[in-house]
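Taking it in order: structure first as structure tokens, then the write-up.
2 protein chains.
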Amino acid sequence: MAAPDIAPLDQTKLRENAYFALRDAFTRGAFAPGDVLTLRDLAAKLGVSMTPVREAVRRLVAEGALVDTPSRKLMVPEFDQRRASDLLVARLAMEALALDQAMDRMSPDDVEALRQVLDGVPESPGAMPDLVTNHEFHFTLYRIGGSEVLLPIVEALWLQYGAYLNLIVMKPEASTIPEHVHHFELLDALGAGDRDAAHAALRADINRSFTFLMS
Amino acid sequence: MAAPDIAPLDQTKLRENAYFALRDAFTRGAFAPGDVLTLRDLAAKLGVSMTPVREAVRRLVAEGALVDTPSRKLMVPEFDQRRASDLLVARLAMEALALDQAMDRMSPDDVEALRQVLDGVPESPGAMPDLVTNHEFHFTLYRIGGSEVLLPIVEALWLQYGAYLNLIVMKPEASTIPEHVHHFELLDALGAGDRDAAHAALRADINRSFTFLMS
DNA sequence: GACTTGCTATCTGTGATATTTAATCACAGA
DNA sequence: TCTGTGATTAAATATCACAGATAGCAAGTC
Chain A
-18 MAAPDIAPLD QTKLRENAYF ALRDAFTRGA FAPGDVLTLR DLAAKLGVSM TPVREAVRRL
42 VAEGALVDTP SRKLMVPEFD QRRASDLLVA RLAMEALALD QAMDRMSPDD VEALRQVLDG
102 VPESPGAMPD LVTNHEFHFT LYRIGGSEVL LPIVEALWLQ YGAYLNLIVM KPEASTIPEH
162 VHHFELLDAL GAGDRDAAHA ALRADINRSF TFLMS
Chain B
-18 MAAPDIAPLD QTKLRENAYF ALRDAFTRGA FAPGDVLTLR DLAAKLGVSM TPVREAVRRL
42 VAEGALVDTP SRKLMVPEFD QRRASDLLVA RLAMEALALD QAMDRMSPDD VEALRQVLDG
102 VPESPGAMPD LVTNHEFHFT LYRIGGSEVL LPIVEALWLQ YGAYLNLIVM KPEASTIPEH
162 VHHFELLDAL GAGDRDAAHA ALRADINRSF TFLMS
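Chains A and B are the protein sequences, given in the same order.
Here my numbering is used: the first residue of the first sequence is -18, the next is one more, and so on.
Here my numbering is used: the first residue of the second sequence is -18, the next is one more, and so on.
Here is the structure:
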């Protein structure tokens, strides 16, 4: 049985809390492809009844982070080369749009805020992949664009990618990759207002994050 | 395996049925921006209890076809120029990808099947916009690509666009636009294997469908 | 008389629980 | 090893209880 460390929730907006708790688990790579989840189990772990968990889970299914099996079980999608490849091209396309919108609307303060996200990151080789900072960096950037259409789609793509994150975290080689190199490149390009360089850095970063998945 | 082919029964999943019923309504332009819906009302109309409707509605919210208002009401999103513009660029980007995948995998039979979709449409000016055929044509095409990642995203984009469809249907000028011109262009390009022409036709068609929304 | 204020009746989504229905598993008999 | 059966378990749906929000109306104020 999967369902790793998930903290219990406080008693307001149970559905949302349940959703965010599960989503966070995905962005940390806590779920492995093929894991089977049960509503009862999740409800018990989160300390609420099945109803809010059911709705949180429904949303995750709609976003592609979980799938319904024919036997009405819930599963983290199995790894699938085609799927990974589709996620890559979709992320390249949508995040390029989100980057463009961010650059259209960005202020110097925004660039500074983005730089802050990377502050204090040790850039030490050999550490665990810094998934949380990586996520925060990208979404701080995309939020500047402020699109109610693009952002949810990009979030869903990351969520689906998150199901495979577990495969990456497990690989010892994963920690040898310098994680924030392209982020700093991107930051410089944004500071200089160099659109082409920014796109190149973003593409490189997204491709980097799929390195271990695309055989 | 047992002797004769017996078609498997389709699962009577109330939740799914409710979802598809509502989604169909969107693709026909049945909802107008700003419409307020209630769970009890929908449940009564669909002849089921609130629970399956709730989950169908939750999914529509996740897909952006409905929004939660601060006062916990369910609403079809108001028209919003920024949002419409974002929908346009997102559709252009994602459907271009879906078209590429379809062309990579397409057989002559597929082209024929696609042609069949347009068979029997009168191409008569002055008729109601042929929304259903339009939808079917695009998705028959994208299904050839068969991406579990791209298709749901494109569906969600159409669903959000569907909330604005009502605004278009109401305009008398809308029926003056020749609806399937670009579809036939696209079909010819697919038959000839001309990738650039296919993309040009698709872009033209998507832009066409936003004509009345982008002031 | 027009406008505010405050109360109430009602409507809505939310979460919990009970009920129904389907899927799985273990086991007995071939 | 296979097949059917019944017990067990879980999910899907229905129903219930409740809290927040709203609309309507009546009393009070300028």
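Backbone N, C-alpha and C define an ideal beta-carbon position, used for all residues, glycine too.
Checklist entry - In angstroms, rounded to a whole number, what distance separates the CA positions of residue 198 of chain A and residue 36 of chain A? => result No answer is possible for residue 198 of chain A: the residues shown for chain A start at -18 and end at 196.
Next on the checklist: So, under 8 Å CB-CB, residue 121 of chain B and residue 102 of chain B are touching, yes? Tell me the CB distance rounded to an integer number of Å.
Outcome noted: About 14 Å separates the two Cβ atoms, so there is no contact after all.
Item to check | 4 or more residues per run - each alpha helix (DSSP H) lying fully within the region 66 to 121 of chain B | outcome: 89 to 99
Checklist entry - Closest to residue 54 of chain B by CA distance: which of B:38, B:67 and B:65 is it? => result B:38
Checklist entry - Would residue 189 of chain B count as contacting chain A if we go by Cβ distances under 9 Å? => result no
Item to check | Whole runs of the alpha helix (DSSP H) within the region -15 to 29 of chain B, excluding any shorter than 4 residues | outcome: -5 to 8 and 20 to 27
Checklist entry - Hey, does residue 134 of chain B have any beta-carbon neighbour from chain A nearer than 9 Å? => result yes
Item to check | Outcome for residue 89 of chain B when other beta-carbon atoms lying within 10 angstroms are tallied against a minimum of 16 | outcome: exposed
Checklist entry - Are residue 9 of chain B and residue 146 of chain B touching if we call contact CB-CB under 9 Å? => result yes
Checklist entry - Would you report the Cα separation of residue 24 of chain B and residue 187 of chain A, rounded to the nearest angstrom? => result 44 Å
Checklist entry - In three-state DSSP terms, what is residue 194 of chain B? => result coil
Checklist entry - How is residue 177 of chain A classed by DSSP in three states: helix, strand or coil? => result helix
Checklist entry - Along chain B, which residues have their Cβ under 8 Å away from the Cβ of residue 31 of chain A? => result The premise fails here: residue 31 of chain A is roughly 11 Å from chain B at the closest Cβ pair, so nothing lies under 8 Å.
Next on the checklist: Between residue 45 of chain A and chain B, is the shortest Cβ-Cβ distance under 9 Å, so that the two count as touching?
Outcome noted: yes
Checklist entry - Taking the C-alpha atoms as reference points, what is the distance between residue 49 of chain A and residue 58 of chain A? => result 9 Å
Checklist entry - Quick one: which chain B residues come within Cβ less than 7 Å of residue 203 of chain A? => result No statement about residue 203 of chain A is possible, as the shown extent of chain A runs from -18 to 196 and does not include it.
Checklist entry - Does any residue of chain A bring its CB to less than 9 Å from the CB of residue 71 of chain B? => result yes
Item to check | Contact belief for residue 128 of chain A with residue 82 of chain A at Cβ below 8 Å, rounded distance in angstroms | outcome: 6 Å
Checklist entry - Going along the chain, which residues of the region 136 to 150 of chain A sit with their C-beta nearer than 8 Å to a C-beta in chain B? => result 137, 138 and 141
Checklist entry - Thinking just about the alpha-carbon of each residue, which of B:131, B:138 and B:26 is nearest to the one in residue -1 of chain B? => result B:26
Next on the checklist: Suppose contacts are defined by Cβ-Cβ distances below 9 Å. Is residue 84 of chain A in contact with residue 168 of chain A by that definition?
Outcome noted: no
Checklist entry - Where do the N-terminal and C-terminal ends of the alpha helix (DSSP H) with residue 149 of chain A fall, by residue? => result 131 to 151
Checklist entry - Just the Cα atoms here: how many angstroms apart are residue 77 of chain A and residue 28 of chain B? => result 45 Å
Item to check | DSSP beta-bridge partners of residue 56 of chain B | outcome: B:17 and B:48
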